[in-house]
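So the structure is just underneath, and the comments pick up after that.
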Amino acid sequence: MNVGKKSINSCSYPVLTNEKISQLIDWLESEKARMEKEKQTFVRVYVLELNHKRVRAKNFCYVDFRVRKDSLKYIERKYSPFVIRENKVFKVNYKMGTCVKCESITDFTLVFEEDPELDPAKEYVMETVPPVEIVNRQIMLLKDMLLGQHPVIKSILFGTYQPAPYRDVIETISPELNSFQKEATKKALGTRDFHLIMGPPGTGKTTIISDLCEKFAANGERVLLASWMNVAIDNALQAVLKRKKVDENRICRIGAGDFKVADEILPLTLTGRLIRSEMLRKKVVGSTLASAYKAVQEPDDLFDVVIVDEAGAATLPQTLLALVLGKKFILIGDHRQLPPVVADENCAEWIRESLFEKLWKMYPEMHSMLQEQYRMDPAIADIVSRTVYHDLGGIKTPESVGKRPCPFEEAKTTGFKNPFARRVVNKTPICWADSSGTMQWINFDSSHSAKNDREIENIGKLLELLVEYSGIDPKTIGVLSPFRYQVSTMVKALEIFIEKGVAVNTIHSFQGNEKDIIIISMVARHTKDSKIFEDIRLLNVAITRAKFKLIIVSDTSISEGKDKASIIMGMLYDSARKNGGYVAKDGLNPELNEEIRKDTHKERTIADAQQYITKERKKLGFYGKL
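Residue 51 in UniProt numbering sits at position 51 of the sequence shown, with consecutive numbering throughout.
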């Protein structure tokens, strides 16, 4: 029986073909063209602070920058902005630096492996350095596959592969693992070709990875541990180090010169000649997918096993960069969370689908799922289980999670005259701050986003209650929204709280993170107001970031529809009403923020003018000056 072919009849034909590989190559070529345009963009910045750090024989230079005022228009504009975000590479004074911190639209930190020789008294031009070389490697790999290289992986992708039977596992499985983790570990250790592990939020993926690394290393096998997320690699390596069952001298991290690396992992980093001379003696090697090629110097140096974490959020070509470096592979991810980020909104839907999701559909006997979570309050986890994972058996929450001490249980509430204020700070796991306000769109050609000023004003009041009046640690709070326009406005309006440690970000950018308290600004009044709510994976990620308390800031109308997203919102609303977590419409009575309201009017005026100019140019059939 050919499992790959048989299973495609009911799963939208996820298998690849030579024609689809050619289409992937064409898509990547278009991505390169888009990146070339980024090279022409820049902003002017100046130095706030400069620090040098030496770890073993490696020097790092951390520089805090601020965008100059005359360049803010390129950052703040809502169409084709100059985007500064973590892990992006920029060039300043002819030296490459990677952004390692960006919690404000104006202030950020770059880390340089070479001293950029910056003068704090001068201003500098900062240019984007798009990852063209990485895309070129993906294109070359796909072309090699068309020419017949990597035949085993190709047959797996084409659905013509018959998986080998699992071997019997004689290794002792850690008694600390729950039954789902033990089963997943057994299959991963016993696979002869590949295995998939699905890990919903908080189910212990890092625990599984560290255990697998130990077992493979003990068997004399070399492991390449890769992910598109630097934090995922570093967390897993830290877990391996903490257990002290693999010799630290046999663990290393590569790619440190180009990407963010945790302080605890910096001593393990290898670069240049050290990579070539030391790699073969290492048992566990951590790397981003983009830098994984550095770990194999000769064709015969393949790793015994490749483990890819967060595989559900990486594109197929990105994942292949690591898989071709090993004899077998294990993908760990969750395709019910956000899919890979693809800049081209017009590309085919199958291109947006991760390799993890494709193989999950094609080879149902080659995967296992972790079904016991330890992060969320049971009330939050139950809603996610019943709406997102119900057809996969749901997720369970041990009693111990519900009994753990709440970090803000002793928060001050006695001085609150407003009864709604007490509802925000109490132990109720799900709250809903009913907010009026208008969803305001800003458009420019195909680029568009939305904001809701009244929700921002309510969030400002929530943070005032939580941080200033109740004394809750601001570093334990995250504020999220699905709309970039809303987030960029919140960054300005909530600056005083961001400086104290409150994280404000898009839902997409916050995947993989967690906070004790999560506040979500929905912006829309109805899920039908935006196509963004058609994919419930977005809501899944947003809701599951919260450990103890989830606060929804939205008009309750968003919970009244019949679609999947409305049903989830309805369950959150019902929980808040039943358990004393509902705050009546504008019950917190926040003050109007005249500054952001003036900005809104100005921004929309500029965007409308730009749209008018574009339309007139199209009528005239040219794109010169009017």
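Each residue gets a CB set at the ideal place from its N, CA and C atoms; glycine is no exception. Given the structure is predicted, the values throughout are model-derived calculations rather than measurements.
Cα-Cα separation between residue 92 and residue 571, rounded to whole angstroms: Locating residue 92 in the sequence shown gives position 92, where the first residue counts as 1. Locating residue 571 in the sequence shown gives position 571, where the first residue counts as 1. For residue 92 and residue 571, the distance between alpha carbons rounds to 49 Å.
Terminal residues of the beta strand (DSSP E) in which residue 227 lies: For the purposes of this step, residue 227 is identified with residue 227 of the sequence shown, where counting begins at 1. Here the beta strand (DSSP E) through residue 227 covers 223 to 227.
Range of the contiguous alpha helix (DSSP H) that encloses residue 235: Against the sequence shown, residue 235 aligns to sequence position 235. Residues 230 to 243.
4 or more residues per run - each alpha helix (DSSP H) lying fully within the stretch 416 to 458: 419 to 425
Rounded distance between the beta-carbons of residue 223 and residue 305, thought under 8 Å: For this step, residue 305 is matched to residue 305 along the sequence shown. For this step, residue 223 is matched to residue 223 along the sequence shown. Indeed they touch by this definition, with Cβ atoms about 5 Å apart.
Rounded C-alpha distance that separates residue 586 from residue 548: As a first step, residue 586 must be located in the sequence shown, where it is residue number 586. As a first step, residue 548 must be located in the sequence shown, where it is residue number 548. Whole-angstrom Cα-Cα distance: 24 Å.
Under 8 Å between C-beta atoms of residue 455 and residue 437: The sequence position of residue 455 within the sequence shown is 455, counting from 1. The sequence position of residue 437 within the sequence shown is 437, counting from 1. In this structure, residue 437 lies closer than 8 Å to residue 455 by Cβ.
Close-in-space but distant-in-sequence residues of the same chain around residue 535 (CB under 6 Å, 5 per side omitted): The sequence position of residue 535 within the sequence shown is 535, counting from 1. If we look at residue 535 and ignore the five residues flanking it on each side, it has no Cβ neighbours.
Residues near residue 557 by beta carbon distance below 7 Å, same chain, minus five either side: The residue you call residue 557 lines up with position 557 of the sequence shown. If we look at residue 557 and ignore the five residues flanking it on each side, its Cβ neighbours are 525 and 526.
DSSP beta-bridge partners of residue 376: Counting from 1 along the sequence shown, the entry for residue 376 is found at position 376. Answer by DSSP bridge pairing: none, since residue 376 is not bridged.
Neighbourhood of residue 637 by C-beta distance below 7 Å, restricted to the same chain and skipping five residues each side: Residue numbering for the chain in the displayed model covers 1 to 626; residue 637 lies beyond these limits and cannot be assessed.
Residue 110 beta carbon less than 8 Å from that of residue 47: Along the sequence shown, read from residue 1 onward, the residue named residue 47 stands at position 47. Along the sequence shown, read from residue 1 onward, the residue named residue 110 stands at position 110. Not a contact, by the Cβ cut-off of 8 Å.
Inter-stretch contact (C-beta, 8 Å, three-pair minimum) for the stretch 189 to 206 and the stretch 364 to 380: yes
Residue range of the beta strand (DSSP E) that includes residue 254: Sequence index remark: in the sequence shown, residue 254 carries index 254 (1-based). Residue 254 -> beta strand (DSSP E) spans 251 to 254.
Contact set for residue 579: own chain, Cβ-Cβ below 8 Å, skip 5 residues either direction: As a first step, residue 579 is located in the sequence shown; it is residue number 579 there, counting from the start. Contacts found: 379, 428, 429 and 430.
Residue span of the beta strand (DSSP E) that contains residue 480, given as start and end: Taking the sequence shown and counting its residues from 1, one reaches residue 480 at position 480. Run containing residue 480: 477 to 481, per the beta strand (DSSP E) assignment.
Residue 521, enclosing beta strand (DSSP E) - first and last residue: Numbered from its first residue, the sequence shown carries residue 521 at position 521. First-last of the beta strand (DSSP E) with residue 521: 515 to 521.
Start-to-end residues for the alpha helix (DSSP H) that takes in residue 322: Sequence index remark: in the sequence shown, residue 322 carries index 322 (1-based). Here the alpha helix (DSSP H) through residue 322 covers 316 to 323.
Residue 458, buried or exposed, once every other Cβ within 10 Å from all chains shown has been counted against 16: Sequence index remark: in the sequence shown, residue 458 carries index 458 (1-based). Its Cβ being crowded by 16 or more others within 10 Å, residue 458 is buried.
Residues near residue 228 by beta carbon distance below 7 Å, same chain, minus five either side: The count along the sequence shown starts at 1 and reaches residue 228 at position 228. Contacts found: 288, 289, 310, 313, 314 and 318.
Contained beta strand (DSSP E) runs [length at least 3] in the stretch 84 to 112, N- to C-terminal order: 89 to 92, 95 to 101 and 107 to 112
Backbone secondary structure at residue 18 - three-state DSSP: Start at 1 with the first residue of the sequence shown, and residue 18 comes out as number 18. Residue state, collapsed to three classes: helix.
Neighbour-count burial assignment, residue 94, 16 or more Cβ in a 10 Å radius: On the sequence shown, position 94 is the one that residue 94 refers to. So residue 94 counts as exposed.
For residue 128, three-class secondary structure by DSSP: Position 128 of the sequence shown, counting from 1, holds the residue named residue 128. Three-state result, residue 128: strand.
Runs of alpha helix (DSSP H) lying entirely within the stretch 483 to 553, each at least 4 residues, in chain order: 484 to 493, 495 to 500, 507 to 510 and 536 to 543
Other residues of its chain near residue 212: CB distance less than 6 Å, five sequence neighbours each side excluded: As a working mapping, residue 212 is identified with position 212 in the sequence shown. Cβ neighbours of residue 212 beyond the five flanking positions: 188.
Distance cut-off 7 Å: residue 207 Cβ against heavy atoms of the ligand FMN: Within the structure as shown, the ligand FMN is missing, as the structure has no ligands at all.
Straight-line gap, residue 601 to residue 441 (C-alpha atoms, nearest Å): Within the sequence shown, the letter at position 601 stands for residue 601. Within the sequence shown, the letter at position 441 stands for residue 441. Distance between the alpha carbons of residue 601 and residue 441 is about 11 Å.
C-beta atoms of residue 294 and residue 326 nearer than 8 Å: Residue mapping note: residue 294 aligns to position 294 of the sequence shown, counting from 1. Residue mapping note: residue 326 aligns to position 326 of the sequence shown, counting from 1. Contact flag unset, no.
Three or more C-beta pairs below 8 Å linking the stretch 331 to 343 and the stretch 165 to 179: no
Boundaries of the beta strand (DSSP E) in which residue 362 is found, first to last residue: Taking the first residue of the sequence shown as position 1, residue 362 is located at position 362. Where residue 362 is concerned, there is no enclosing beta strand (DSSP E), although the alpha helix (DSSP H) it sits in stretches over 355 to 362.
Among 426, 135, 316 and 324, nearest to residue 298 - alpha-carbon criterion: For the purposes of this step, residue 298 is taken as residue 298 along the sequence shown, with counting starting at 1. The candidate whose alpha carbon is nearest that of residue 298 is 324.
For residue 569, the first and last residue of its enclosing alpha helix (DSSP H): Numbered from 1 along the sequence shown, position 569 holds the residue referred to as residue 569. Unbroken alpha helix (DSSP H) run through residue 569: 564 to 578.
Secondary structure of residue 368, DSSP reduced to three states: Position 368 of the sequence shown, counting from 1, holds the residue named residue 368. Three-state result, residue 368: strand.
Helix, strand or coil at residue 560 [DSSP, three-state]: Residue 560 sits at position 560 when you count from the first residue of the sequence shown. Coil.
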